[in-house]
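Participant: Handing you this structure, nothing more for now.
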Amino acid sequence: MDTTVHKSIASEFNIRGYPTIKLFKGDLSFDYKGPRTKDAIIEFTNRVSGPVVRPLSSVQLFQHVMSRHDLIFVYIGGQSLLKKEYYKAAAEYIVHTYFFTASEGILPKAVTLQDVPVVAVFKDGTYYLYNEFVDGDLSSWINRERFPSYFQIDSFSLYQMGEQQSKLVALAVVDEKNPSEESIRYKTLMERLSSEYRDLYKSDYQFGYVDGNEYINGLIMGEVAIPSIIVLNMTIDGYCLPESKIETMEDLLHFLNSVLDGSATLLGGNGFLQCTKRAFYKAKSTVVSMFQTAPIFSCFVCGVPAIIAVMVVWATCTAVPANDEKSEEGATASPALDAHGKKATELQPDSTEKTTEAKKED
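This note's numbering runs 2 ahead of the 1-based position in the sequence shown.
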């Protein structure tokens, strides 16, 4: 639908950017915010159009689901207040991941439960259980746990983290096509940290790596070296860089702790000056990208407005002011003097009598 024509639809559904993909299901609508690929859109459609919570009725079905998905949430147990909260949270986060219910009997033998009912997240080759006293409300816990502990992060994932999460994002910026020894070391350190220190940082950090620095450069409006370590605060568009080279796990831990206690220098932000600078940077990047991809078309697009502007300026500068024209007209219409220095009598072209009297006087 072209909402530039149907503007009431854009207003009703609060559509702010294009292209926007929405899925309508009964009285509900869901926004798609993932990668713009066929497979990702199809998976989103299949996930959201089906049941919000799907039952797992056998061990084989549970294993099949685990083989297809890297991350799932499962409610284990019967009717309870926790189940109602689980269904409510599932309706909110179904756009991001899958939600299931199961009985204790179909779970893998490696899963040990202290009590039921309980909610578990299966990811990173293991599982984690929800604890109300430690993790807070269920919806917030699901929001924190809906990403793998460590994975390749793209622009869509970063956007979601900035929109709905309060975690800092610790990234290894690497070049996957041409991996260097230092790139591999940074990725290994970050992956080890995500597993060995999960309990320490699970509420504060999301760990991952990003291939290339193009998107990060746009965020910080600068150039990030490859490879490097960076911490992003997506809620305020801020970032921190290590002041010294990261060599060991202790160096990385020191850097992350300095960010948490505020001793690390926070750069960027969303102040007025930074927002203005970011708008200028995006405009500049867009123009440069246009000229790189389509130079002839870009010259036409940028050249026509420039020519029109020059013509307007030229016309404004060369135009004769209205006061000067009136002055010239006034000078032409001023009465002439006669031979004795007296003003000649004004002639009325439609009055013959007055003309004769003037002649007699002369």
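Note that CB positions come from ideal geometry on N, CA and C, so glycine has one too.
Could you check how far apart the C-beta atoms of residue 242 and residue 268 are, in whole angstroms? I think they sit under 8 Å.
Facilitator: 6 Å
Participant: Give the secondary structure of residue 241 by DSSP, where H, G and I count as helix, E and B as strand, and everything else as coil.
Facilitator: Assignment of residue 241 by DSSP, reduced to helix, strand and coil, places it in the strand class.
Participant: If we ignore side chains and look at the alpha-carbon of each, how far apart do residue 212 and residue 266 end up?
Facilitator: 22 Å
Participant: Okay, do the region 198-216 and the region 148-159 touch, 3+ Cβ pairs below 8 Å being the bar?
Facilitator: yes
Participant: Under 8 Å by Cβ, that's how I've got residue 110 and residue 79 pegged, so tell me the actual separation to the nearest angstrom.
Facilitator: Their Cβ separation, rounded to whole angstroms, is 17 Å, which puts residue 110 and residue 79 out of contact at 8 Å.
Participant: Please say whether residue 231 and residue 308 have beta carbons closer to each other than 8 Å?
Facilitator: no
Participant: Could you tell me which uninterrupted alpha helix (DSSP H) segments, each at least 4 residues in length, are contained entirely in the region 76-130, listed from first to last along the chain?
Facilitator: Entirely contained in the region 76-130, the alpha helix (DSSP H) runs reaching 4 residues are, in chain order, 83-95.
Participant: For the putative contact between residue 76 and residue 102, defined by C-beta atoms under 8 Å, what is the C-beta separation to the nearest angstrom?
Facilitator: In this structure residue 76 is in contact with residue 102, their Cβ atoms being roughly 5 Å apart against a cut-off of 8 Å.
Participant: Are the CB atoms of residue 73 and residue 15 nearer to each other than 8 Å?
Facilitator: Cβ atoms of residue 73 and residue 15: not closer than 8 Å.
Participant: Looking at residue 54: is its Cβ nearer than 8 Å to the Cβ of residue 93?
Facilitator: yes
Participant: Three or more C-beta pairs closer than 8 Å, one from the region 216-236 and one from the region 178-194: is that the case here?
Facilitator: yes
Participant: With 16 as the cutoff for other CB atoms within 10 Å, does residue 143 come out buried or exposed?
Facilitator: buried
Participant: Is it the case that the Cβ atoms of residue 113 and residue 88 are separated by a distance below 8 Å?
Facilitator: no
Participant: Secondary structure at residue 136, three-state DSSP: helix, strand or coil?
Facilitator: helix
Participant: Would you say residue 176 and residue 234 are within 8 Å of each other, going by their C-beta atoms?
Facilitator: Cβ distance not < 8 Å, so residue 176 and residue 234 don't count as in contact.
Participant: Locate the beta strand (DSSP E) running through residue 235, then write down its first and last residues.
Facilitator: 230-235
Participant: Looking at the secondary structure, which residues open and close the beta strand (DSSP E) in which residue 170 lies?
Facilitator: First-last of the beta strand (DSSP E) with residue 170: 170-176.
Participant: Is residue 49 closer than 8 Å to residue 11 when the C-beta atoms are compared?
Facilitator: no
Participant: To the nearest angstrom, how far is the alpha carbon of residue 159 from that of residue 127?
Facilitator: 21 Å
Participant: Can you give me the start and stop residues for the beta strand (DSSP E) that residue 196 sits inside?
Facilitator: From DSSP, residue 196 is part of no beta strand (DSSP E) but of the alpha helix (DSSP H) over 183-198.
Participant: Helix, strand or coil for residue 13, going by three-state DSSP, please let me know.
Facilitator: helix
Participant: Can you look up residue 270 in the DSSP assignment and give me helix, strand or coil?
Facilitator: strand
Participant: Do you know whose CA, among 255, 240, 239, lies nearest residue 246's CA?
Facilitator: 255
Participant: Would you report the Cα separation of residue 146 and residue 169, rounded to the nearest angstrom?
Facilitator: Those two C-alpha atoms are separated by around 8 Å.
Participant: Can you grab the Cα-Cα spacing for the pair residue 244 / residue 223, in whole Å?
Facilitator: Residue 244 and residue 223 have their C-alpha atoms spaced approximately 17 Å apart.
Participant: Rounding to the nearest angstrom, what Cα-Cα distance links residue 116 and residue 131 in this structure?
Facilitator: 10 Å
Participant: Counting along the chain, where does the beta strand (DSSP E) carrying residue 209 start and finish?
Facilitator: For residue 209, the enclosing beta strand (DSSP E) starts and ends at 207-213.
Participant: I think residue 44 touches residue 23, with their Cβ atoms under 8 Å apart; what is that distance to the nearest whole Å?
Facilitator: The Cβ separation is near 12 Å, so there is no contact.
Participant: Sort out for me which residues DSSP pairs residue 33 with in a bridge.
Facilitator: 24
Participant: Taking the DSSP output, what are the residues bridged to residue 152?
Facilitator: 209
Participant: Starting from residue 253, trace the alpha helix (DSSP H) both ways and give me its first and last residue.
Facilitator: 251-262
Participant: Have a look at the DSSP bridge pairing and note the partners of residue 56.
Facilitator: 102.
Participant: What is the C-beta distance between residue 30 and residue 91, in whole angstroms, given that I count them as a contact (C-beta under 8 Å)?
Facilitator: In fact, because the Cβ distance is near 15 Å, the residues do not count as touching under 8 Å.
Participant: In the DSSP output, what is residue 218 paired with across the bridge?
Facilitator: For residue 218, which the question treats as bridged, DSSP gives no partner whatsoever.
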